[in-house]
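A.B. asks: Going by the numbering used here, the sequence shown opens with residue 38, and the numbers climb by one from there.
The beta-carbon is built from N, C-alpha and C at its ideal position, and this holds for glycine as well.
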Amino acid sequence: MNVKTVLILLVLALATIFALVCVLLTRGRAPSTCQQQPPEQEDTSDGQSLVFADLTPEEMVQVVRYLQGNLGVQLVDASRAKPSDNCIASVDVQVPAKAEVLRFLDGGGARPAREALAVLYFGNQPDPNVTEYVVGPLPMPAYHRDVTVQKYGGKVPYHRRPVTGKEYVDINALIQRELRKAPRFLATCCESDGTDLAILTTAPRGFKSGDRATWFVLFHDMAGTGYYVLPVGLEVLVEHGDLHISRWQLRQVFYNGRYFASMGDLEDVFVANLLEVVRIKKPRAEAVLGSMRPRRPPGSPGPLQYEPQGPRYSVRDNRVTFQGWSIAFGMNPNSGPRLFDIRYRGERIVYELSLQEALALYGSNCPGGMLTRYLDGSFGIGRFAYELVRGLDCPYTATYVDRHYLAESDTPKTNQNSLCIFEHDAALPLRRHFSDSQSLYYGGLWKNTLVIRAVSTLINYDYIWDFMFHSSGAVEVRVHATGYISSSFLHGRGTDYGNRVGPHTLGTMHLHHIHYKVDLDVDGQLNSLETQDMGYELVKDPWSMQNTIERLYLRRERLERENEAAFLLNTPMPRYLSFASPKPNKWGHLRSYRIQIASFAGEHLPASSPMERSISWGRYQLAVTRRKEEEPTSTSIYNQNDPWMPTVAFADFIDNETITNEDLVAWISVGFLHVPHAEDIPNTVTVGNGVGFFLRPYNYFDEDPSVDSPDGIYFSGEQDAGVCRANPLACLPTTAACAPHLPPFRYGGFLNL
């Protein structure tokens, strides 16, 4: 063997060793296609969205310290305050005036001062009242100003304040003392001494302004299940309007269709054998009505949604960006999710999109059920948006965001992971076509949507709030109702008000009505309201004059005043209704965004009702008004406990002002009638219980903007569709190998109750 041959063999051996080393070093690594890719666009707003940001816990603490040191009155922590005390009820961000914000965002103006809105209950005063202060500048407050009269035209009467947790604790203690006056009755009717009964509030609290008397419904309480479907037939009326707890009284008792003056009277009638008692056995944990414990062991896992190369959206502070979309998000502790400065391709479409109120209005032949009209904003839609369960409430790999609030305490609280953001594959083409004539090709586009979601648990009901952003430039807003139904004890003609769903349980019929504020700015602030609908005209056939044809034509109209743009609930409305800019698109049509409502709401409370004005927003499926800084919300947290003299009456917003080339707001109501049925046990499903609306571009663009989406698919009959270069779908077998590294499952939602 000569030297040349030896050298060749040596080189080959070294090459083989090098190749083996490379294989060993790369074994177990993900292929290059699995490397996480940066989002397609990053937020370049330099923190501008923080002008809308919720308060941080540190800012809340500074506001509390400032108020404690600068109001000149003693403030008791709201978590232990009596009605006769002064306390800080809540602290939230004070969003600056729109004109200030737009000067900052669009005109290069100064950043508006960051301020907080503090709500205080002054019970330790000659004239008890609720007062609201704007406190600033943050993070180190130096001033406060009373804005109550400016906002509401006067001081807010003290009886309108929402009921605090401490007030409920004291009411429960009173009820427990009263229950002890009927031991034999409770032992017979319910196998109870009263201490194991759950007590559920109703609202409103009386029949006229100034009342504060509440019916409370009693249920069997069973750990690990929803007591809401286990009524025992007993309800009590408690008067708790006095500043001194010792003067509160139980005013009336209801049991199985009869009314009594007190628990003592009920006991006397029972002992005298003059009472029809329905004996209800104490539920057993293994067979209790409404248990959500699974009845079968886990099976094989279902489909899992994940991003093979990491999220394609970006979240920075309170702003999320995704494929041309940019949205600032937040959470009002009372009214819930709120979005600001929604832009697509750099242009603002919506200045504010916010939930306003959620109404649940019940019917029953029991007192608690027949009078209930819950206005959930007064309880705290945002405050009770708890931690989301990873993998069920939202996709496992979603981005989870903490929300902070200060309510009924001097200490901020955090609902961790209570808002989620994710990209959703709808498993439906956004658009597609298969061509089988002239030329052969397939073209389509994935319907991938950015979703911002929160879920509020408001006593028995869970509301899933979704805000969805499509690559077509459309915004979709949707709410689903789930959770437990509320129920009454079944007696008499109970089925006139619902369906029997258990041995003694009446699932009571009710309405869900939800209200939203949509401040659209379509190609600028100045918009008009345009409608289009269809009609038929009878014309002679142009090519056969002896015949006629019913020709479809388009009716166009511009609505000039607010009264024309207030569409009553469940009445005909133009099928196309758009906010139009004065500026045209390439084809000469006004650039517009269309409002499309998907709802099957029940009937609104009759206008003759003395409390109807407090929910007068519910009169309208859509009302368009001129935007006013002094009309920021359609309702108030004070309306629940004084609906007879509402602090904010939405009907007053509609005063027939001109709405042509003005800054306009759309107020949208969606909802449904729910008649509970057997399948609402154990609790209500989301299927069929979702409503909402769309904001859709209508001649806003010159073509569908999704043509620029990176998710398009196209291949012709002449191409090999199985080649990755020709068809991204052919790349999926490789891409699907990029299984994500899932974080361990953790849940802390029970820690902050």
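1) On the CB-based measure, 16 or more other CB atoms within 10 Å of its CB, does H281 come out buried or exposed?
2) Using the C-alpha atoms, what's the distance from V306 back to V670?
3) Determine the direct distance from the alpha carbon of G405 to that of I501, and round the result to whole angstroms.
4) Could you pull out every residue in the same chain whose Cβ sits closer than 7 Å to the Cβ of V308, ignoring the five residues on either side in sequence?
5) What do you reckon, are the CB atoms on P719 and M177 nearer than 7 Å?
6) Pull up the distance between the alpha-carbon of S472 and that of D462, whole angstroms please.
7) If distances are taken between C-alpha atoms only, which option among A518, Y675 and Q99 comes closest to T723?
8) Rounded to a whole number of angstroms, what is the C-alpha to C-alpha distance between L543 and L326?
9) Using only alpha-carbon positions, find the residue among I674, Y388, Y784 and L456 that is nearest to Y189.
10) When the distance is taken between beta carbons, is F730 closer than 7 Å to V514?
11) Return the residue from the list R349, V200 and N402 that minimises the CA-CA distance to T434.
12) With H, G and I counted as helix, E and B as strand and the rest as coil, what does DSSP make of C775?
13) Name the two residues that bound the continuous alpha helix (DSSP H) containing C227.
14) Between Y205 and the rest of its own chain, which residues show a CB-CB distance below 8 Å, the 5 nearest in sequence each way excluded?
15) Which of the three DSSP states is assigned to W681 in this structure?
16) As a quick exercise: from N698, A688, R595 and Q583, pick the residue whose alpha carbon is nearest that of Q562.
17) Do you know how far the Cα of T772 is from the Cα of G481?
18) Can you tell me which of the three DSSP states R284 falls into?
19) Within its chain, find whatever has a CB closer than 7 Å to the CB of C59; leave out the 5 residues flanking it on each side and keep chain order.
20) Just to confirm, is the Cβ distance from F752 to V728 under 7 Å?
21) Taking the alpha carbon of G361 as the point to measure from, which residue in H507, P94 and V760 has its own alpha carbon closest?
22) Between D757 and A763, what straight-line distance do the alpha-carbon atoms span, to the nearest angstrom?
23) Near P611, what residues of its chain come up, given a Cβ to Cβ distance below 7 Å and the 5 sequence neighbours on each side ignored?
24) For T358 and T545, what's the separation of their Cα atoms in angstroms?
25) Among Q105, G754 and N161, which one has its Cα closest to the Cα of Q475?
26) Would you decide whether A115 is buried or exposed? Buried here means 16 or more other CB atoms lie within 10 Å of its CB.
27) With T436 and I418 assumed to form a contact (beta carbons below 8 Å), what rounded beta-carbon distance in angstroms separates them?
28) DSSP three-state label for F244, please.
29) For L303, report the span of its alpha helix (DSSP H) as first-last.
30) For K554, which option in V387, E215 and R151 has the closest C-alpha, if you only look at C-alpha atoms?
31) Could you check what DSSP says for K188 in three-state terms: helix, strand or coil?
32) Check each candidate in R656, F637 and E445 and name the one with the smallest Cα separation from S645.
33) Tell me whether the beta-carbon of P643 lies closer than 7 Å to the beta-carbon of P241.
34) Taking DSSP's pairing of strands, which residues face S476 in a bridge?
35) Distance, Cα to Cα, Y737 vs S509?
36) Looking at chain D, is there any beta carbon in it that lies within less than 7 Å of the beta carbon of A298?
C.D. replies: In brief:
1) Position 244 of the sequence shown, counting from 1, holds the residue named residue 281. So H281 counts as exposed.
2) Locating residue 670 in the sequence shown gives position 633, counting from the first residue. Locating residue 306 in the sequence shown gives position 269, counting from the first residue. The sequence given here places Thr at residue 670; Val does not occur at that position. One Cα belongs to T670, the other to V306, and the distance between them is close to 50 Å.
3) On the sequence shown, position 464 is the one that residue 501 refers to. On the sequence shown, position 368 is the one that residue 405 refers to. The C-alpha of G405 is placed about 26 Å away from the C-alpha of I501.
4) By 1-based counting over the sequence shown, the position of residue 308 is 271. Within the same chain, V308 has close Cβ partners R221.
5) Sequence index remark: in the sequence shown, residue 719 carries index 682 (1-based). Sequence index remark: in the sequence shown, residue 177 carries index 140 (1-based). Cβ atoms of P719 and M177: not closer than 7 Å.
6) For the purposes of this step, residue 472 is taken as residue 435 along the sequence shown, with counting starting at 1. For the purposes of this step, residue 462 is taken as residue 425 along the sequence shown, with counting starting at 1. Cα-Cα distance, rounded: 25 Å.
7) Here the question's residue 723 lines up with position 686 in the sequence shown. Nearest C-alpha to T723: A518.
8) Stepping through the sequence shown from its first residue, residue 543 is reached at position 506. Stepping through the sequence shown from its first residue, residue 326 is reached at position 289. So the alpha carbons of these two residues sit roughly 13 Å apart.
9) Taking the sequence shown and counting its residues from 1, the one referred to as residue 189 is at position 152. Among I674, Y388, Y784 and L456, the Cα nearest to that of Y189 is on I674.
10) Counted from its first residue, the sequence shown places residue 514 at position 477. Counted from its first residue, the sequence shown places residue 730 at position 693. The answer is yes: Cβ separation under 7 Å.
11) Position 397 of the sequence shown, counted from the first residue, corresponds to residue 434. Closest option to T434, judged by alpha-carbon separation, among R349, V200 and N402: R349.
12) Locating residue 775 in the sequence shown gives position 738, counting from the first residue. Of the three classes helix, strand and coil, the one that applies to C775 here is coil, per DSSP.
13) In the sequence shown, residue 227 corresponds to position 190, counting from 1. Start and end: P220 to C227.
14) Taking the sequence shown and counting its residues from 1, the one referred to as residue 205 is at position 168. Its chain contains T238 as the residues whose beta carbon lies nearer than 8 Å to that of Y205, once the 5 sequence neighbours on both sides are disregarded; these appear in chain order.
15) As a first step, residue 681 is located in the sequence shown; it is residue number 644 there, counting from the start. Coil at W681, not helix or strand.
16) Reading the sequence shown from its first residue, position 525 is the one you call residue 562. It is N698.
17) Here residue 481 refers to the residue found at position 444 of the sequence shown. Here residue 772 refers to the residue found at position 735 of the sequence shown. The alpha-carbon separation between G481 and T772 amounts to approximately 20 Å.
18) In the sequence shown, the residue the question calls residue 284 occupies position 247. In the structure shown, R284 sits in a helix (DSSP, three-state: H, G or I).
19) Working through the sequence shown from its first residue, we reach residue 59 at position 22. Low per-residue confidence applies at C59: pLDDT is 43, beneath 50, and the placement is therefore not dependable, though the value from the model is reported in the following sentence. Once the five neighbours on either side are set aside, C59 has no close Cβ partner at all.
20) As a position in the sequence shown, residue 752 is number 715, starting the count at 1. As a position in the sequence shown, residue 728 is number 691, starting the count at 1. The answer is no: Cβ separation not under 7 Å.
21) The residue labelled residue 361 in the question sits at position 324 within the sequence shown. Among H507, P94 and V760, the Cα nearest to that of G361 belongs to H507.
22) Working through the sequence shown from its first residue, we reach residue 757 at position 720. Working through the sequence shown from its first residue, we reach residue 763 at position 726. C-alpha of D757 to C-alpha of A763: approximately 7 Å in a straight line.
23) Here residue 611 refers to the residue found at position 574 when the sequence shown is read from its first residue. Apart from the 5 residues on each side of it in sequence, P611 sits with its Cβ closer than 7 Å to the Cβ of T568, Q569 and D570 in its chain, given in chain order.
24) Along the sequence shown, one-based indexing puts residue 358 at 321. Along the sequence shown, one-based indexing puts residue 545 at 508. Approximately 43 Å, taken between the alpha carbons.
25) Within the sequence shown, residue 475 is the residue found at index 438, counting from 1. The candidate whose alpha carbon is nearest that of Q475 is G754.
26) As a first step, residue 115 must be located in the sequence shown, where it is residue number 78. With 16 or more other Cβ atoms within 10 Å, it is buried.
27) Here residue 436 refers to the residue found at position 399 of the sequence shown. Here residue 418 refers to the residue found at position 381 of the sequence shown. Contact doesn't hold; Cβ gap of about 22 Å is too wide.
28) One-based indexing of the sequence shown puts residue 244 at position 207. Correct three-state label for F244: coil.
29) By 1-based counting over the sequence shown, the position of residue 303 is 266. L303 -> alpha helix (DSSP H) spans M300 to V308.
30) Here residue 554 is taken as the residue at index 517 of the sequence shown, counted from 1. When V387, E215 and R151 are compared, the shortest CA-CA separation from K554 is found for V387.
31) Taking the first residue of the sequence shown as 1, we reach residue 188 at position 151. Shown here, K188 sits in a helix according to DSSP, grouped into three states.
32) What you label residue 645 is simply residue 608 of the sequence shown in a count that begins at 1. Comparing Cα-Cα distances from S645 to each of R656, F637 and E445, the minimum goes to R656.
33) Walking along the sequence shown from the start, residue 643 turns up at place 606. Walking along the sequence shown from the start, residue 241 turns up at place 204. P241 sits away from P643, with the two beta carbons spaced by 7 Å or more.
34) Taking the first residue of the sequence shown as 1, we reach residue 476 at position 439. Checking the DSSP bridge columns, you'll see S476 partnered with S474.
35) Locating residue 737 in the sequence shown gives position 700, where the first residue counts as 1. Locating residue 509 in the sequence shown gives position 472, where the first residue counts as 1. For Y737 and S509, the distance between alpha carbons rounds to 11 Å.
36) Absence of chain D from the displayed structure is noted, only one protein chain being present.
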